[in-house]
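Some notes on the structure that comes next.
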Amino acid sequence: MTSNGEGGEVVAKRRRKGIKELVQVALRGGCLAASATAMAVMLTATEEGVADIYGFKLTLSSNWSFSPSYQYVVGACAGTVLYSLLQLYLGVYRLVTGSPITPSRFQAWLCFTSDQLFCYLMMSAGSAGSGVTNLNKTGIRHTPLPDFCKTLSSFCNHVALSLLLVFLSFIFLASSSFFTVLVLSTP
25 MTSNGEGGEV VAKRRRKGIK ELVQVALRGG CLAASATAMA VMLTATEEGV ADIYGFKLTL
85 SSNWSFSPSY QYVVGACAGT VLYSLLQLYL GVYRLVTGSP ITPSRFQAWL CFTSDQLFCY
145 LMMSAGSAGS GVTNLNKTGI RHTPLPDFCK TLSSFCNHVA LSLLLVFLSF IFLASSSFFT
205 VLVLSTP
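Just so you know, the working numbering puts 89 at position 65 of the sequence shown, and the rest follows in order with no gaps.
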């Protein structure tokens with residue numbers, strides 16, 4: 025028995041619940057950091073260079089805004105940053121005040137649905153950006169155009185890092201959704 029009359033089992037259960045809530049807040053913070061960094065890296069993806077195609081010098085210029093897929097990545101990251109910021113604020117506030125992170129089943133379902141929505145948004149944005157990045161890296165095989173990334177390697181590296189962080193955001197959101205399922209599965 026503890027000093028306030030609680031058994032060891034009750035204290036252990038409360039401690040496990042506190043650890044789960046800390047993990048949920050940490051996942052929100054990780055998602056915020058990954059998606060904000062992905063957006064910042066993508067926004068700085070710009071480069072100019074000169075390509076030599078069959079003896080002709082061709083000036084190349086690339087910017088993230090030239091591709092609708094990369095614009096979609098930036099938009100998805102911006103939405104996820106705002107969502108993660110709101111969830112992180114609510115989670116930290118509730119941790120500080122001592123109230124539960126998900127006070128009701130309705131809110132748990134709302135968090136689960138929102139996490140799933142943003143999870144799929146980040147996955148689709150990463151997939152759309154990966155297709156364009158792969159084309160930039162390999163070139164067009166059935167035409168004699170060389171790959172784009174030999175000339176503009178810094179641009180391609182920025183985009184690849186941004187897409188890696190987009191997929192990391194997806195993992196954070198999927199993990200957060202999993203923890204919400206744990207909350208919903210306990211009576």
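Beta carbons: idealized from backbone N, C-alpha and C, even for Gly.
Might you give, ordered along the chain, the residues of its own chain that have their beta carbon closer than 7 Å to the beta carbon of residue i, omitting 5 neighbours on each side?
i	result
Leu-109	Leu-56
Leu-67	Trp-88 and Val-98
Ser-154	Leu-187
Gly-122	none
Phe-130	none
Ala-58	Leu-189, Leu-192, Ser-193 and Phe-196
Going by the CB atoms, is the gap between residue j and residue i shorter than 8 Å?
i	j	result
Trp-133	Leu-208	yes
Ala-62	Val-190	yes
Val-49	Phe-136	no
Leu-112	Gly-53	yes
For residue i, which residues from the same chain have a beta carbon less than 6 Å from its beta carbon, with the 5 sequence-adjacent residues on both sides left out?
i	result
Ala-75	Leu-82, Leu-84 and Thr-175
Ser-199	Leu-51
Phe-142	Thr-104, Tyr-107 and Leu-197
Phe-203	Gln-48
Leu-185	Val-65
Ile-77	none
Ordered along the chain, which non-local residues of its own chain (more than five positions away) have a Cβ less than 8 Å from that of residue i?
i	result
Gly-150	Val-97, Leu-187, Val-190, Phe-191 and Phe-194
Ala-214	No answer is possible for residue 214: the residues shown for the chain start at 25 and end at 211.
Leu-6	One cannot answer for residue 6 here, as it falls past the ends of the chain, which runs 25 to 211.
Leu-46	Leu-119
Cys-180	Thr-157, Asn-160, Lys-161, Phe-172 and Cys-173
Gly-115	Glu-45, Gln-48, Val-49, Arg-52 and Ile-125
Pull up the DSSP beta-bridge partners for residue i, would you.
i	result
Val-74	Thr-83
Less than 8 Å between the CB atoms is what I'm expecting for residue i and residue j, so what's the real figure, rounded?
i	j	result
Trp-88	Ala-69	4 Å
Cys-173	Asn-158	Not really, about 10 Å apart at Cβ, beyond 8 Å.
Ser-86	Glu-71	6 Å
Ser-201	Gln-140	6 Å
Is there at least one non-hydrogen atom of the ligand NAP closer than 7 Å to the beta-carbon of residue i?
i	result
Val-183	Because no ligand of any kind appears in the structure shown, any question about the ligand NAP cannot be addressed here.
Counting only runs that start and end within the region 112-195, where is the alpha helix (DSSP H) found for 4 or more residues in a row?
Positions of the alpha helix (DSSP H) runs, each at least 4 residues long and wholly inside the region 112-195, are given as 129-162 in order along the chain.
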